[in-house]
Every structure is written in structure tokens, then in C-alpha cells.
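Protein chains in written order, with the working numbering: chain A, 3 to 398; chain B, 4 to 766.
First comes the structure, then the notes that go with it.
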Amino acid sequence: MSIYLMCLYNGTPIFNKKRGDNIENLPFSTTASFSSVHLFCRTQNVELSATTFGDDGLISWKEFESLLFVGISTNLTEKVLKSLIEKSFQAMVLHIGINEIKAAKNVDRLKRDLKSSFFQMIEKLMEYAENDLLDFNESILCHEAAVIHEKLISFSELSLASQYCFLLSKNRIICATDAFYDLHVNDRKLLILLLTQSNILQKDIPVYLPHKSPTIAYRLIGLPLIQGISIGLLCGQQPTYDELEILSQEFWQDSYDLLLSAEISNPRNFPPSIELDASVLGFLLINKFTKKYVISRNIQQVANKRNSHRMDIIRTFFHQAVDCDIFKNSSFYDSTSENITTNEHFYVSDYHKCHALIQNYNILCVLYLSVIPTYTMRFITQELLNKLLGDKSIEW
Amino acid sequence: MSNASDCSSYSYSPDFKNYIYEDGGSSLFYIRAHSLKDNDYNKNSLNHDQDEIFRHEFKRMSLRQRDKGILSKLTNKKSSGFEFKVVDRQKYRHTDGELKELKVGNKSLKTANLSKSKKGDKRSLFEILFNASIIPGPDNKRLIIDRINTPSIFEKDLCVGDYIKTIDGEVITTDNINHVLHKIIIQKSFKIVAQESYKDDYDASQEEIKITKINDIVANKQKLFNLGSETHELIFSLNIIVKNEQITEDSDDFTTVFSYPPKDNNFLHKQKGSFLTLASILKGSFDKYPNVTSIKVHNTTFFVTYTIRNGDNEFIFLGFNSNYAGLFDSKHITQNFVKFLDYIYPNFIIINDFDQLNSLCEIVKIQLIRNPSEAINFEQLFSCPKFVPLPKEIVLRINDALSELEAMDYRNWNESLMELFGKFNVIGSCLFYKTSLICSHFNELDMENVELFVRQLCLKFLYEMCYVKEMAIWQRVYPKEYQSYNIENDSTKNKVFLLIAARANLMMCVLLEENAYNLNPEVETQSSNYLIYFLEEMEDVMDHLKVVGIENLTKIWINSAKRPQCKSPFDKIENPAHTEHQHLRQIKEECEDDDESEKDLESHIDSQKSSSGFENEDTFYKDFADIVPQTLTFGPENVLYHFTQLDFSEGIILTTINDNACKPPNDILVDIFRRSCLSIHCVLQNTIQFNQLLSRENKISSKTMMLPKEQGMLIDLIVGKQRLSFWIIGRLFGTKELYVCYDSKIPQNMVEIAFRIALNCIG
């Protein structure tokens, strides 16, 4: 897999990033050609949107305001590449707001305004395109979530500052207030990314929310609680960081044990009380409604370096089979009388089998050993879904 | 061999001779076809000769059945006493026009009253029963509906002019109508099959269209294909651009050799610079070629495909309007079109006469217009013909006939044929019944080329939309795939001819190669004479096939839909929203149907054996009855809805025969199936490609690569109040891809069995 992502303003590059093994930087002439082809088409009232090349190469052009984004990838679905481009632009909005982008006249000024954290964020997003789901927030399942959620709500009320509160274990959501889930998933994704990648001690960062408020800045505050666990919140001018820090220390003091036991789920990401079937190598649980997911592997199965490979397979399965709308462009299906839903998917390959079950707003993709008979997969998947969601103490 | 046919060709001097091209006879194009009268897609006109033969046969059948003495005593009853009700109605598309089948329920079985009520009633029994009158047709045998009174159970379904074909499986003639009627009124239910009236088509509107050059197809497209008024939007574009060898100061680096539509109203031509630039950047930076570019103009997306060859000096850009072709279609159409051009031209980049190329582009456009991109026709994307396996006996006979032709073992030996013998080698031959391949002696490469030729020249479409009376085509072709025995070992020096002859529904294609040692410039011009002989010979073979009944047996076999087939699950419930759709489904539902078609075949064989000299009717019958499963599922309900098999090694597609009756906008199930197949196909193709790569390079380049050899999806469809849940599964078997769609109620372990049966039941 390789990705090139570049952004140009009137033909001058703002950034030009690459990701992938053994790939070279694109020379400026090439970058300029990609941009000039798009410009040439535009002068003829033609919008150049994408080109496929080679076996699995794809170039995608997208213009936001007067910024041209060009993404070039191999072995990435079109949906993911487009989502990456969209998020890169939104990361820019997050940093400087839409007004400043619209009013931009000078490339150097624009580049100066975009702080280094923006460029780090682009790199991180490119990494996410490969080993994360760009359109979902990663979270964990734990028994403590319900209790912690209660506490989080009272913290949110007590702090009088913000209804947008979320509790993170590394970059995974343990729980969050309802208002936070009301934010667009892209806003959430970028906020969490910004918070976790930032190295500054006192995390008090002005942010524009690309969907919710692209013109007015909020303050994003990050408060570390214990090792690995931190709380994030959005607020206005008040209260100050110091006030919030003191408040949070006092408030969460007596819950450290609770937080610690939630942290234990990491990196399994689901409670130790739930056992996986021996044939299960890993699973991916997605909530389509709140746009969050949990990914995990079965650590009882032989653990070796291929573990991340398994996660990649589940994600590929999700992108290729589950997350594609093959019935989208048809006038048949949008009439009200007819409705079509896909409830299950499966893949059979020489080495693995995958099965996805879609129930209500949940999608559970499970990776199996290849020895399992195809028809038994669906029963195990169903059973696992019941186990994961049956426990009332698990917040989902 | 018998030449007792009334329509034997011996007495007839072929008309096509006058249309042989003057350039030494390198090509001939001659088609006589009848356009269909009105806009009804489902109507097919009837050919006179054909009809004659059928009538003879049906006459024989009816006699046979009367001899059997299955007739029952006459009883009478007054009309008001009958409570007939149409419980089910079906329409089939038949070669001879639409068949309407009504299943009529009979609530009252008061047969005793019939005689009483008949007294003093001058109406015919038919009129008493159905309140509609019938008259004998022009042949004095068949019965045509003359008047339908109200109320009548026929009101909704039949119209004046339809002829009553069978009642309860018996072929109806003026002789046996009353017997049959008496028989059915004591039954709880019976079936009436009526054939749509054809007389209008036949008399007035059967305008014969003569096509003597490719451009005639384009000129007559309105008549032939029933196309609506032309739109001005760009639907298809072809640009051929070559790099100039010598760059002079006052000229560009590139020259446009050909542009369709003409440069001035082809905005994709104006964009050529972008496409050339992209191609050059990608080549320079990634060492890859671009495949497809999508652009948007005034809210319409266009796909532009690239074909770059001859050391990056020749660029062929094809443009498609996304309202008419999807991304996947565009790629396939491009591949097929370029292959086809390579086949018929030695090098189409440097041809002098672009008129023909223009016509060919027009034909592509015609085919695109007919198929809006909303409806994905998965099976037609591939360059493989749709194959229909026939019963062994028929196949053997066709094989015999083709082999005889290939061996040049002609029936009418004379001096000129003797010369022909040494003049050409036959590379192979194949036989189509309308659009389906029924026999092929080609390897897969030739088959693909022939299929593309037939398809790209609209011949298949012609068969779908028109009644083709006669066809005689030859064309010098340039198969690049194999080199033959000429001295220079240059495929363009080979003189290979593709000959296509058609008589009504049979179409035969033969590839001939002129013997290399015969290449003599002096006699070159004469080859057209030999080709005429050969075409006549081919027509002879087809006449023979017709005379011995092969054509009709094929027709019955295909139309009786004996193959496992898509049975729409929605037919069962009367759904007002879908009655409109239902009539398009050529789907049989109940066991009686199978009985009936079997009876048809049975009687047909009986009627055939006297005339065609089939000797061992027992074996023959067994072949018919046993060879191909009639349904793949057992039990009261059908659970297999659809299947398709792509076989790239043999270059054929197997699918349900009657799927063209499920017209795309109506049959949701078929559309879902095709869309899913397309999606699965892409995944499986990826696996194939990667496996090839692996076998070459022996290293895994991408860690996320998963190579599925099977993909399945469970789909829930809610139509009105009905909910239907079914699996669509695609599986890769070597070079075969098999797709099935079946009811989700079936335990998944049974699927294995289904797969196996489907694989083995290709006849």
C-alpha cells in the first residue's frame, strides 16, 4: 500500500506527503502536472474527479475552496481515499477555521498559520487510512463503562463548562456524553486525534469544528487522569484550564481503581469475562449509529507478529465486502415500497474465512480459521454478538 | 441426405450475390430482416415458412392425440352455471409471439346441466363457457378469438385476434375444440394458452429491411431497434490519437487520426490534452498506464478509458456517458471493442476509410442507448456467448452436420466444389439459435472473436429486436492470436474469412483460411466465388437441420425452459403493485407446467419421427427426459432463484435461459443478483490476478491482501408487504466462476450440493 497526498494553492504546494514502504518522493514537476491537468479541465468546465491506473492505483482530485487536494494511492478503496482527502481538509479547518481559508491570499502566510500539529495530523490520518477506520471512532468495551459514564455525566454537569466530555484510554473512547456523540464523527475523530498526538503539557487548544462550527473556535481541553487514561472536553472561554484541572483531580480521585480496571481491557479491548470461540482469530464490532468500533484479536490463538496482519484482514474485509454500496446507484431501491438490506457477508480464502453479521445498527465482522465450515460461521458470529451486547454493564 | 424440404435452397438463387463488395470480394454484408410492428418489446413476428412447419406439426400432434381416444363424452351445461375464474396468469415470450397462459379455476362442476342449457342455444360451446366467440383462422385449423363479450374471463388477458393454442395441454384445432372443452369443464382447474395475434405484424407492417452494408444498420436503426428520438447528449466517443514521428515546429506532437463524434461537437476530444498528460505522468512517475478517468460535465459523469499501444505512440480514448454505462461496463466495452477492431482490420489506426469505423461507433452507441446503466447486464459484459446445452441427441446431429461441412463432405458434388476443396481450410464453425450458442467447434479464442463480431455488428441485438429472415456475411478477419502457415509468418498475410449465414433463427459462423500455397495474386479475386459456394453450402446445412427438425426441437427445448431457472418468488402472491411486472416473467411455477412441456416434447418427437427418420425413439426420449435437471430443487417450493456460470476456459456463459424475459426495470431480484455478481466478480478477479502474480514473483507484496475464492451475501428484500431473504454466492473454481441466488431458508450445508449439481448439469 502506498499513499501520496498533496495539497496545492494556486499551483503552489502547501504540503506533499507520502506513506508506504520504498516509495520515493514525487518531484515537483509531477505534482505540478497533476494540478495543472485539473486546472486545464476546469477552464473547459470539466471537473476531473478520478483516474485509475495499473492494477489497483487510484488518483483522486478534490477541490475545497481554492485548495486542490490530490490523493494517489495503491491498494486502497476509493471510499477510503476520498475520506482521507476530506478529513485532511477538515483538519485544516480545525486549525484555522473556514473563514481564514476562504480569505487566504498568500500561501506562505497560510502555511505559517497551519501549525506543525496540522502536518503531523495529516501524517497520522494517512496512517489511519491504512490501519484504522477513518469514518469511525475506535473505542473499547468494558464492564466499568456504565458506572464511569454516570460519573462522566455528573462531572460534565459539575464543571458547568461543557456538555462535550469524553474519556479516553490511549486513543480509544471508554465513554462519552451524549452531546459528544451528537457531534459529527469527523469532528470527533479529529478532536481525539489532535488531543492524543499533541505533546504539550497543558492541553488547551483552540479548535474550529469542521461540521458543527467551522467559523467560531472552541477550546479543546485534555486532562490526564492516570497513566493511559485522560479526559477530553470542549468548552468556551470559561473556565480556565487550571480550574478544570483541579476540579478533575478532585472529582476522579476516588475512581482511580475503577479507571484502572477499565484500562485492563487494553489491548484486548473487550472484557476478560467474555471468551472467544477457539476458531475465532479476531473481530471488529461497529456501531453504525454512533459511528464507533471495537477491534480485537483472540489472544488465546497463537500470538506472533502476524497479529497486526489479522487486523488488516478484518479491515480489508470490511472495506471490500461490507462497506460498499452496490445497490446505491439504482432507481429501484429508493422508492419507499421496496427496501433492500444486506444482513450477512462472508469471504472464504485459502487461509482464513471472514463473516460479517449486520443486525440493527451493529456490524460484527469476525475472522475465522480456515478449517471452520462455512455454514457454522454464522452461528458463532451470532453467539459472539449476543455475548458482547448482552451484558448490560457494557456501554455500547 | 434428405432434401425433401419445401424451402430447400436449391431452386433459389441467392440474392446476396449482388451485394458483394467490388474490392475483390473481401467482404459481404447482407441481411434481410423484418422490423416488428409496434413498440412492444415482447412481440415477435412470425415467419411464414416457420409458421407453416409448425402448423403441420401441430396438426400431426392433434391427430395423434385424437387417435389415442382420450376424449370424453359430451355433456351440456348452461353458461351462467359456470363459475370460471382466472386464478393465475402468465405471459411468456415465445419465438412466435407472446404466449398468454391462463390458469382457470372451475368452482362449479355441474356437468349434468350442460345438455339442458345447450338446448335451443345456438352459441358454440366455447361461447357458452367463456362468453367469447371463436372463428377458424385462415388455415381453417386454428381458432382465433373473434369477439370477447362482457363479462368474460378473457376480458383482461386476451384480445381479439389471439389464437387459442392449447387447452389443458392439448393443441386446439377446429376438429377437437369441443371434445377438449367437454373434458375440461369437469375439472377443477385447467389451463388455456393463447398466442398473441400476429396477423397485423404479418400483413401490414412486416416491412422488409434489406441491409447490404454496415451503415444500413445505422440508417435503419429506428425501424430495426425501435429506438426513440435521438438525444443530443454525448453518449459514446472514440478518439484515436497518434504521436507524430517527426515533430515539426508548426505542428503538435500528436495528431488525431479519428474522432467520433466529429471533433467539433466532441468535447472529450478537446480534453485529449489532459488524458495524454495523465498518461505521460503516470508512465513517467509510476511506470503504469491509466485505465479509466472519470470526469464530470454539467452534473453528468463521463468515463474515459485508455488503450495505449505500440510503444506509447498510439492512444485510443473511448468515452462513455455514465447514464448509459457504468465504470465496469466501460472497461469491458472498451476491451471488447478494441479486440473487435483488431479482428476486422489489419491495423485500424492506419485505415483510410473511416466511414465504416463511424458506423461501428454508431452501433456501439445504439447498444448503449438500449441499455441504461441502471440495469446492469452482468452476463452480457463478457465476450463469451451464452451457451445452451441441448439434449445429447440434438447435439450429436448438429455436430455431425457441422463436421460434414468442415470436412467439406458436401451433398452436392460438382466441379466447382472440387476446386473449393483445395482452396480453403476450415478452422472451425459454430451454430447459434438466435442469440444462444448451441454448438461450437471453435477454440475459446476464435469463439471469443466470433462472438464479438456477432455482437459488435449488432447481429444479436437484431435477433432480439427483429425477425431475421436471411443473413449472408463474410468478412476478411485478422486473428492475431495464432499464426498460421504462411511463409512470412505474419498474421496479416493470412487470408482468413469469417462467414456467417443465417436462416431464420439459426445462425452459423464458419472461419475459413485460404491455403497458403494457393496464394496467387491472379486468382485472388476469384475467392469470392468460392465463398459464395461455401455460404450456399452453409445455408444447405441449416436447411438440413431445419428439415430434420433440429431447429424446432431446439426451439421447443429453449422455449419450454427445461433448464433450472429463475423462478420469481414474488409470483405467488397477487401483488397489485407488481401485476404489471409479472406478465414479463417467463417463469413457470408449478409441476403441471413441466408435465405440459414434457408432453409437448413427447408429442413433438412422435410427430418428428415419421418425417425425419429418427430411428431409436426410445433412447431419444430418454435423452430428453433425463439429461438435464428440470429444477435444481425438490419440494413444493422453488428455492433456487437464479444462477450464472462464467467459464473463461471454454469461453461460455451458462445462465437461466429465459432471463431476457425478466426485463431489467421490472425484475428487482435479477437486478440485485447481477449487481452482486458484478461486485463479487471484481473480488474474484482480484484473487485470480494476484494468484498469477504470486506464481510469477513468489512474494507477497501487500500484507492486507486477502484472496477470497468465495463470497456470499445474505440479502433481505422487502417488496410491498412481502419480505424475501436470499443468499447470493459467487465461487471461483479454477477458471470458472459460479454465481447462485437461493432462498435463505435452505440450510447452508446444502449449498455445497447445489454448487456441485450446478457445475455438473451443463448437459
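Cβ atoms here follow ideal geometry from the backbone N, Cα and C, with glycine treated the same way.
In this structure, DSSP gives C356(A) an extended state, which the three-state scheme calls strand. In the displayed model, G234(A) falls within a strand according to three-state DSSP. DSSP places K64(A) in the strand class (E or B) of the three-state scheme. Every alpha helix (DSSP H) of 4 residues or more that sits fully in the stretch 184-224 of chain A is shown, in chain order, as 187-199. Rounded to whole angstroms, the separation of the alpha carbons of I284(B) and D345(B) is 27 Å.
If you look at L128(B), you'll find it in the alpha helix (DSSP H) that goes L128 to F133. In this structure, N341(A) and I675(B) do not form a Cβ contact; the two beta carbons are roughly 12 Å apart against a cut-off of 8 Å. Distance from the CA atom of L283(A) to the CA atom of I231(A), rounded to whole angstroms, is 27 Å. The stretch 277-291 of chain B and the stretch 308-325 of chain B touch, with no fewer than 3 CB-CB distances between them shorter than 8 Å. Taking 8 Å as the CB threshold, S136(B) stays off the interface with chain A. Chain A places a beta carbon closer than 8 Å to that of I721(B), counting this residue as a contact. Between the alpha carbons of M379(A) and T303(B) lies a distance of about 43 Å. DSSP lists no beta-bridge partner residue for K334(B). Residue pairing from DSSP leaves C326(A) without any beta-bridge partner.
Here DSSP, grouped into helix, strand and coil, assigns A106(A) to coil. By the criterion of a C-beta distance shorter than 8 Å, P139(B) is surrounded in its chain by R145, L146, I147 and T177, once the five residues flanking it on both sides are discounted. Using beta-carbon distances, V48(A) counts as an interface residue toward chain B, with a partner under 8 Å. With contacts defined by Cβ atoms closer than 8 Å, A36(B) and L465(B) form a contacting pair. Judged by their CB atoms, D746(B) and T343(A) are not nearer to each other than the 8 Å cut-off.
Taking C-beta atoms as the reference points, P212(A) and L96(A) count as a pair closer than 8 Å.
Sequence-distant Cβ neighbours of Q714(B) in its own chain, meaning closer than 6 Å and more than five residues away, are I683, V686 and G733. Around the C-beta of E397(A), 16 or more other C-beta atoms lie within 10 Å, and the residue is accordingly described as buried.
Per DSSP, R35(B) is one residue of the beta strand (DSSP E) stretching across S30 to H37. Taking a beta-carbon distance threshold of 8 Å, S682(B) counts as an interface residue toward chain A.
Taking the Cα of Y166(A) as reference, the smallest distance to any Cα among F157(A), K172(A) and N173(A) is reached at F157(A). In the DSSP assignment, N109(B) is bridged to F87(B).
Non-local beta-carbon contacts of E140(A) in its own chain, meaning distances under 8 Å to residues more than five positions away in sequence, involve D134, N173, R174, I175, K294, Y295, V296 and I297 in chain order. The beta-carbon separation of S90(A) and L60(A), rounded to 16 Å, does not stay under the 8 Å limit for a contact. Nearest Cα to F500(B) within the set L534(B), K472(B) and V471(B): L534(B). The C-beta of Y377(A) comes closer than 8 Å to at least one C-beta of chain B.
The beta carbon of R92(B) lies closer than 6 Å to those of L105 and D160 in the same chain, with the five residues before and after it left out. Here DSSP, grouped into helix, strand and coil, assigns F121(A) to helix. Ranked by Cα distance from L249(A), the options C177(A), F348(A) and I233(A) are led by I233(A).
Short of 8 Å from the beta carbon of N694(B), and not among the five residues preceding or following it, lie these beta carbons of its own chain, in chain order: L710. For the 8 Å CB-CB criterion, Y6(A) and L28(A) form a contact. Across the stretch 246-275 of chain B, CB contacts with chain A closer than 8 Å involve F270, K273 and Q274, in sequence order along the chain.
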